[in-house]
Amino acid sequence: MLATGAAATTALVQVDREKIYQWINELSTPETRENALLELSKKRESVPDLAPMLWHSCGTIAALLQVLANELQPLAI
1 MLATGAAATT ALVQVDREKI YQWINELSTP ETRENALLEL SKKRESVPDL
51 APMLWHSCGT IAALLQVLAN ELQPLAI
C-alpha cells in the first residue's frame with residue numbers, strides 16, 4: 001500500500017514538473033507570458049528548485065527582463 005502511495009506521489013510530482021516546464025517555455029511567448037507568470041508565481045513556495053529551473057532555461061531571464069523593462073518604461077521621465 002505504501003509503495004502505491006509513493007508511486008502516485010511520484011507521478012503527481014512528474015506531472016507537476018511537466019506543467020512547470022511548459023509554463024517556463026510559455027514565458028518566451030508574449031501571448032502566453034502573463035498566464036505563465038501567474039501560474040509559476042502560485043508554485044514558487046511548493047517548488048524549491050523553481051529559481052534554478054528559471055535561471056538555467058534558455059531565454060527565460062531575457063524574457064523576464066523584457067517584461068520588467070516594458071513595465072518600468074512608463075515610469076521613466
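If you count the sequence shown from 1, position 45 lands on 45 in UniProt numbering, and the numbers rise without skipping.
We put the beta carbon where it would ideally sit given N, CA and C, even for glycine.
Boundaries of the alpha helix (DSSP H) in which Val47 is found, first to last residue: For Val47, there is no enclosing alpha helix (DSSP H), as DSSP marks it with neither H nor E.
Distance between beta carbons of Arg33 and residue 88, contact taken as under 8 Å: Past the boundaries of the shown model lies residue 88; the chain is included only from 1 to 77, so the question cannot be answered.
C-alpha distance - Leu50 paired with Glu71, whole-angstrom precision: 23 Å
Rounded C-alpha distance that separates Ile20 from Pro48: 12 Å
Leu2 versus Val67: straight-line alpha-carbon distance, rounded: Any answer about Leu2 is weak, because its pLDDT of 49 lies below 50 and its placement is not dependable; what the coordinates show is given next. Straight-line Cα distance between these residues: approximately 45 Å.
From Leu65, Ala76, Glu39, residue whose alpha carbon lies closest to that of Asp16: When only C-alpha atoms are compared, the closest one is Glu39.
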